[in-house]
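Chemist:
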Amino acid sequence: MERLEEVAEKVGMLLKSEIELQPKGCIVKKKRTLEIHANTAFFSCTLDFDISFNRFREDGIAHNKAEIYLLPEEFPCFLSNFNAYPIPLPTDFHQRLISNPNIVCVHLESKERPEYFAERLAGALEVLEELNGQIYMN
């Protein structure tokens with residue numbers, strides 16, 4: 122359990138978020154405010170990211186998941202930076218995209234060390250933060 126707590130704390134620091142420990146994993150609490158312009162209308166919404174890891178093993182490998190909401194114009198930059206992380210994506214990696222004209226939801230899943238997944242995700246989110254500063258801690 123001590124190793125799990127250490128990893129969860131590191132993941133929380135990397136993602137600048139609060140964490141909630143689970144028996145074999147961790148939930149990361151992070152939100153994002155999106156400002157959406159649709160035709161002549163403008164609205165702002167705050168969405169929860171769904172970031173977690175579970176099935177944490179003795180060797181440090183876990184099942185990592187993230188559901189990230191982006192504006193359509195942010196997606197290429199996010200994905201490019203996510204994929205540019207120095208450690209290659211694991212062979213057990215899945216990505217799914219759900220989109221509409223105003224918002225993109227990216228589902229990411231991998232089996233790797235949670236720290237690697239969090240570092241990769243933090244780097245991609247940091248670029249968006251630099252662009253518009255609308256990601257904040259819960």
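Quick note on numbering: the sequence shown equals residues 122 to 259 in this note's numbering.
All residues carry an ideal CB built from backbone N, CA and C; glycine is no exception.
(1) Give me whichever residues DSSP pairs with residue 213 in a beta bridge.
(2) My output table needs one value for residue 190: the three-state DSSP class, helix, strand or coil.
(3) DSSP has residue 170 in a bridge; who is on the other side?
(4) Report buried or exposed for residue 195, applying the criterion of at least 16 other Cβ atoms within 10 angstroms of its Cβ.
(5) Classify residue 238 as helix, strand or coil using the three-state DSSP reduction.
(6) If we ignore side chains and look at the alpha-carbon of each, how far apart do residue 123 and residue 223 end up?
(7) For residue 129, which residues in the same chain have their Cβ closer than 7 Å to its Cβ, ignoring the five residues on either side in sequence?
(8) Tell me where the beta strand (DSSP E) around residue 130 begins and ends.
(9) Starting from the Cα of residue 214, find the closest Cα among 157, 160, 204 and give me that residue.
(10) In three-state terms, what does DSSP make of residue 179?
(11) Sorted by chain position, which residues of the same chain lie with C-beta nearer than 7 Å to residue 234's C-beta, five sequence neighbours on each side aside?
(12) Closest by CA to residue 168, which one among 177, 149, 190?
(13) Looking only at its own chain, which residues have a Cβ that is under 6 Å from the Cβ of residue 217, when we skip the five neighbours before and after it?
(14) Which same chain residues, not among the five before or five after residue 241, have their C-beta less than 7 Å away from its C-beta?
Modeler: So, to answer that:
(1) Residue numbering aside, residue 213 sits at position 92 when the sequence shown is read from its first letter. DSSP, once it has assigned bridges, lists no residue as partnering residue 213.
(2) Here the question's residue 190 lines up with position 69 in the sequence shown. Residue state, collapsed to three classes: strand.
(3) Looking up residue 170 in the sequence shown gives position 49. Answer is 151.
(4) Stepping through the sequence shown from its first residue, residue 195 is reached at position 74. Answer is buried; the Cβ neighbour count reaches 16.
(5) On the sequence shown, position 117 is the one that residue 238 refers to. Correct three-state label for residue 238: helix.
(6) Your numbering for residue 123 matches position 2 in the sequence shown. Your numbering for residue 223 matches position 102 in the sequence shown. The alpha-carbon atoms of residue 123 and residue 223 are separated by roughly 43 Å.
(7) Here residue 129 refers to the residue found at position 8 when the sequence shown is read from its first residue. These residues qualify, in order along the chain: 140, 142, 147.
(8) As a first step, residue 130 must be located in the sequence shown, where it is residue number 9. Note, residue 130: premise wrong, no beta strand (DSSP E); alpha helix (DSSP H) at 123 to 135.
(9) Here residue 214 is taken as the residue at index 93 of the sequence shown, counted from 1. Cα-wise, what sits closest to residue 214 is 204.
(10) For the purposes of this step, residue 179 is taken as the residue at position 58 of the sequence shown. Of the three classes helix, strand and coil, the one that applies to residue 179 here is coil, per DSSP.
(11) One-based indexing of the sequence shown puts residue 234 at position 113. Here the set comprises 181, 182.
(12) Here residue 168 corresponds to residue number 47 of the sequence shown, with the count starting at 1. Among 177, 149, 190, the Cα nearest to that of residue 168 belongs to 190.
(13) Along the sequence shown, one-based indexing puts residue 217 at 96. Contacts found: 228.
(14) Against the sequence shown, residue 241 aligns to sequence position 120. Correct list, in chain order: 203, 206.
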